[in-house]
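Taking my numbering, the leading residue of the sequence shown gets 2, the next gets one more, and so forth.
Note that beta-carbon positions come from the ideal geometry of N, C-alpha and C, so glycine has one too.
Since this is a predicted model, take the numbers as computed values, not measurements.
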Amino acid sequence: MKINIDVDGIKSIDVEKGISALKILSDLSIQKNRKPLAARFNGSLIDLTFPIVSDGTLELVTFDDEEGQKVYWHSASHIMAYAVQRLFPDVKLAIGPPIANGFYYDFYTKKSFAPEDLKHIEQEMTNIVKEDLPFERITQSREDAIELYRGKDEKFKLELLEELKGSISLYRNNDFVDLCRGPHVPRTGYIRVFKLLSVSGSYWRGDEKRDNLQRIYGIAFETKKELANYLHKLNEAKERDHRKLGKELELFSIKENAGVGFIFWHPKGATLRRIIEDFWKQEHMKNGYELVITPHIAKAGLWRTSGHYDYYIDNMYTFHKDNEEYVIKPMNCPAHILIYKSKIHSYRDLPIRYAELGTVVRDELSGVLHGLLRTREFTIDDAHIFCTDEQIEDEILGVLRFARRILNTFGFKELSYELSVREPTCPDKYAGCDEDWVKAERSLMRALETENLEYKRMEGEAVFYGPKIDIKLYDALGRPWQAPTIQFDFNLPARFDVTYIGRDGNAHNVLIIHRTVLGSIERFIGTLIEHYKGDFPLWLSPIQVRIMTITEKSVDYAERVQKSLISHNVRTEIDKRNEKINFKVREAEKEKIPYMAIIGEREEESNSLSIRERHKKDRGNLSLEDFETEIRKRCSEKT
Ligand SMILES: [Zn+2]
Ligand SMILES: [Zn+2]
Numbered sequence: 002m003k004i005n006i007d008v009d010g011i012k013s014i015d016v017e018k019g020i021s022a023l024k025i026l027s028d029l030s031i032q033k034n035r036k037p038l039a040a041r042f043n044g045s046l047i048d049l050t051f052p053i054v055s056d057g058t059l060e061l062v063t064f065d066d067e068e069g070q071k072v073y074w075h076s077a078s079h080i081m082a083y084a085v086q087r088l089f090p091d092v093k094l095a096i097g098p099p100i101a102n103g104f105y106y107d108f109y110t111k112k113s114f115a116p117e118d119l120k121h122i123e124q125e126m127t128n129i130v131k132e133d134l135p136f137e138r139i140t141q142s143r144e145d146a147i148e149l150y151r152g153k154d155e156k157f158k159l160e161l162l163e164e165l166k167g168s169i170s171l172y173r174n175n176d177f178v179d180l181c182r183g184p185h186v187p188r189t190g191y192i193r194v195f196k197l198l199s200v201s202g203s204y205w206r207g208d209e210k211r212d213n214l215q216r217i218y219g220i221a222f223e224t225k226k227e228l229a230n231y232l233h234k235l236n237e238a239k240e241r242d243h244r245k246l247g248k249e250l251e252l253f254s255i256k257e258n259a260g261v262g263f264i265f266w267h268p269k270g271a272t273l274r275r276i277i278e279d280f281w282k283q284e285h286m287k288n289g290y291e292l293v294i295t296p297h298i299a300k301a302g303l304w305r306t307s308g309h310y311d312y313y314i315d316n317m318y319t320f321h322k323d324n325e326e327y328v329i330k331p332m333n334c335p336a337h338i339l340i341y342k343s344k345i346h347s348y349r350d351l352p353i354r355y356a357e358l359g360t361v362v363r364d365e366l367s368g369v370l371h372g373l374l375r376t377r378e379f380t381i382d383d384a385h386i387f388c389t390d391e392q393i394e395d396e397i398l399g400v401l402r403f404a405r406r407i408l409n410t411f412g413f414k415e416l417s418y419e420l421s422v423r424e425p426t427c428p429d430k431y432a433g434c435d436e437d438w439v440k441a442e443r444s445l446m447r448a449l450e451t452e453n454l455e456y457k458r459m460e461g462e463a464v465f466y467g468p469k470i471d472i473k474l475y476d477a478l479g480r481p482w483q484a485p486t487i488q489f490d491f492n493l494p495a496r497f498d499v500t501y502i503g504r505d506g507n508a509h510n511v512l513i514i515h516r517t518v519l520g521s522i523e524r525f526i527g528t529l530i531e532h533y534k535g536d537f538p539l540w541l542s543p544i545q546v547r548i549m550t551i552t553e554k555s556v557d558y559a560e561r562v563q564k565s566l567i568s569h570n571v572r573t574e575i576d577k578r579n580e581k582i583n584f585k586v587r588e589a590e591k592e593k594i595p596y597m598a599i600i601g602e603r604e605e606e607s608n609s610l611s612i613r614e615r616h617k618k619d620r621g622n623l624s625l626e627d628f629e630t631e632i633r634k635r636c637s638e639k640t
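1) Might you give, ordered along the chain, the residues of its own chain that have their beta carbon closer than 6 Å to the beta carbon of Val518, omitting 5 neighbours on each side?
2) Give me the Cβ distance between Glu372 and Arg244, rounded to the nearest whole Å; I'm assuming they're in contact under 8 Å.
3) Can you find the residues in the same chain that come closer than 8 Å, C-beta to C-beta, to Tyr290, ignoring five residues on each side of it along the sequence?
4) So Thr380 and Leu358 are supposed to be a Cβ contact under 8 Å. How far apart are they, rounded?
5) For a test of your reading of the model: does the CB of Tyr172 fall under 7 Å from any non-hydrogen atom of ligand 1? Yes or no.
6) Starting from the N-terminal end, write out each residue whose C-beta falls within a distance shorter than 5 Å of any non-hydrogen atom of ligand 2.
7) Can you say whether Val439 is buried or exposed, counting buried as having 16 or more other CB atoms within 10 angstroms of its CB?
8) Excluding the five sequence neighbours on either side, which residues of its own chain have a C-beta within less than 8 Å of the C-beta of Ser29, listed in chain order?
9) Count the other CB atoms within 10 Å of the CB of Tyr644; is the residue buried (16 or more) or exposed (fewer)?
10) Can you tell me the Cβ-Cβ gap for Leu197 and Leu119, rounded? I've got them flagged as a contact below 8 Å.
11) Using the rule of at least 16 other Cβ atoms within 10 Å of the residue's Cβ for burial, across every protein chain shown, is Gln215 buried or exposed?
12) Could you compute how far the alpha carbon of Leu541 sits from the alpha carbon of Val571?
13) Please tell me whether, using a cut-off of 7 Å, the distance from the CB of Asp107 to the nearest non-hydrogen atom of ligand 1 is below it.
14) Applying the criterion that 16 or more other CB atoms from any shown protein chain within 10 Å of the CB defines a buried residue, is Cys434 buried or exposed?
15) I'd like to check one pair, Asn175 with Leu134: are the Cβ atoms closer than 8 Å?
16) Rounding to the nearest angstrom, what Cα-Cα distance links Phe628 and Gly260 in this structure?
17) May I ask you to report which of helix, strand or coil DSSP gives Phe1?
18) Round the Cβ separation of Ile450 and Ser421 to the nearest angstrom and send it over; I've been treating them as touching at under 8 Å.
19) Run through the DSSP bridge pairs and tell me what Ser611 is partnered with.
20) Between the Cα of Asp476 and those of Leu339, Phe525, Asn333 and Leu351, spot the shortest distance and give me the residue it belongs to.
21) When the Cβ atoms of the segment 489 to 506 are set against those of the segment 324 to 341, are three or more pairs found closer than 8 Å?
22) By how many angstroms is the C-alpha of Gly527 removed from the C-alpha of Ile294?
23) What first and last residue would you give for the alpha helix (DSSP H) that runs through His233?
24) Tell me the rounded alpha-carbon separation between Pro268 and Leu252.
25) May I ask you to check if the CB of Gly97 is nearer than 7 Å to at least one heavy atom of ligand 1?
26) Have a look at Phe195 and Gln563 and give me their C-alpha separation to the nearest angstrom.
27) By the three-class DSSP mapping on this structure, what secondary structure does Lys158 have?
28) Per the contact definition of three or more C-beta pairs closer than 8 Å, is the segment 37 to 49 in contact with the segment 77 to 89?
29) For ligand 1, is there any heavy atom lying closer than 7 Å to the beta carbon of His285?
30) Hey, is Cys181 close to ligand 1, as in C-beta under 7 Å from one of its heavy atoms?
31) For the alpha helix (DSSP H) that contains Ser444, what are its first and last residues?
32) Between Tyr204, Lys634, Gly219 and Val499, which lies nearest to Thr306 when the distance is taken from Cα to Cα?
33) Can you tell me which of His309, Ala299 and Gly308 puts its alpha carbon nearest to the alpha carbon of His321?
34) Taking just the CA atoms, how far does Gln392 sit from Tyr501?
35) What residue does the alpha helix (DSSP H) around Ser27 start on, and which one ends it?
36) Is the segment 231 to 251 close to the segment 466 to 482, with three or more CB pairs under 8 Å?
Here's what the structure looks like:
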């Protein structure tokens, strides 16, 4: 019997029922840049060897496809488990899925895997790959599968089988069999280059009361070059870790005895933060925002009105004082609303834009805390825009342009956009009326389209109180980071009865847009550290110039130079220690200081400085005046 298959949207063919994608491929001699690893038949992922029995559409899945990578890595994890089993027959198998980057497998064994073991396992994997064994899919009854694993004495697989119903799929390479949904590549020979990266402890089912397991992580690619690139990137990411650099460059610390999740900004880190905050404030004032400052503590009643007390209480720090319950603010919005409500506003006053570097405190689980990226106390670069219906399109466009410009100035040129909208099927779970949502969504879309920005529409991803745009920025390694959000709110204006008097003389509900540009100052600085690897552009460098004396004789002159530089707002330090100049230079290099000004008797006589610029080496002698002009110019251009 014949069936009709549409292949990759290019060819439509009639083939024998029961044919595999692999056979179709070789019959049609379809050329792809990459080897197909699996296929999608009518949308679901299948093995290339799986028999196709009905009409449908067939897409070939390669390593360029995220799902293709998963198939590849999952297959590599089976090969690793087989290698382990060949080398260490007593080891019991737990589970081995693909992950975002690579794969792992959890093993139960009394021995602990050492780096040499990983080498041996890699070697055995190479053998299995050379043997080019097929990945054979087997379906059996649950009873037969239990029988099989009883024979192998695999207690974890037996436990997993307990929870499964109906027929069970297994994948076999020779005498290695794994309980598995698949799909897999057709043969072990498909896995070209791989590396086992690390071993760490884990628990069966992530439960610390259950068996201790050992997890081996690995990665696999089709070419050596891809593996080399990946390993390079992995190493780069390690070197850029903001927690490591934050310590080395003396920017910040976290003190266990003061509580995890709270940041101590050391002088250099505090300077970096102040530069960012000053710039932020100036830009906001230039762009129609008014700066406000609101208290860190407010009565619980305020948070009852806002609704946070009911649905956010687990994350809030609360305390009692004089028979009154207080909350340390987890958000700035209610405070800005109270300022707005201090007087009656007419439509002529709108839009009103209140901005605040508002520090908030939220109780996060200690397990999710991560350096500056996830903290318990952080400062949102917050603003709330109060406007009318007619103003929303201009406001959204304004915010979008503003946010992009600020991020570009900080050196983030590559951005991506996500538009989160409501789930069309259950409008009941959302605040606000249908008309509000339609208008808000349209204004967000129009702003993105006016700016010619591509965006991903996230159906059903909106929070209950309004649609939003999330902007992601990409660092020097191409890794995405969460940054600005532009968020509509149809909930708070109603809860707080926030209104304005319209042209008709009646009160109307105001529209509130919450927006951030940097997200949180802490997280943004973490991103900046990793993006620049701590090697900040001049305008952001906590110390811009380090003056170094060749001998003690020049200390007076060095101090006069420092005074002059400081009076021109150049952040300057003197290294007047009795050390060799080469040693001082090396230290300044390590601390990533942009300029070194070396001072000896010759410089003093000519009233000049011998300048070394980072990444440019020797600049020769410059007069103090020329040097100051150059720094001031570069700082104002933010280059
Ligand atoms: Zn599997
Ligand atoms: Zn807000």
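Per the coordinate set shown:
1) Asp382, Ala404, Ile407 and Pro485
2) It should be noted that the sequence gives Gly, not Glu, for residue 372. Going by Cβ atoms, the distance from Gly372 to Arg244 rounds to 4 Å, so yes, they are a contact pair.
3) Arg354, Tyr355, Ala356 and Ala384
4) 5 Å
5) yes
6) Cys334 and His515
7) exposed
8) The question names Ser, but residue 29 is Leu in the sequence shown. If we look at Leu29 and ignore the five residues flanking it on each side, its Cβ neighbours are Val8, Lys12 and Ile14.
9) Residue 644 cannot be examined here, being either before or after the span of the chain that is shown, 2 to 640.
10) 4 Å
11) buried
12) 11 Å
13) no
14) exposed
15) yes
16) 44 Å
17) The question about residue 1 has no answer, for the chain in this structure spans 2 to 640.
18) Note that residue 450 corresponds to Glu in the displayed sequence, not to Ile. Contact doesn't hold; Cβ gap of about 16 Å is too wide.
19) Ile599 and Asn622
20) Phe525
21) yes
22) 25 Å
23) Lys225 to Arg241
24) 7 Å
25) yes
26) 55 Å
27) helix
28) no
29) no
30) yes
31) Asp435 to Thr451
32) Val499
33) Ala299
34) 13 Å
35) Ala22 to Leu29
36) yes
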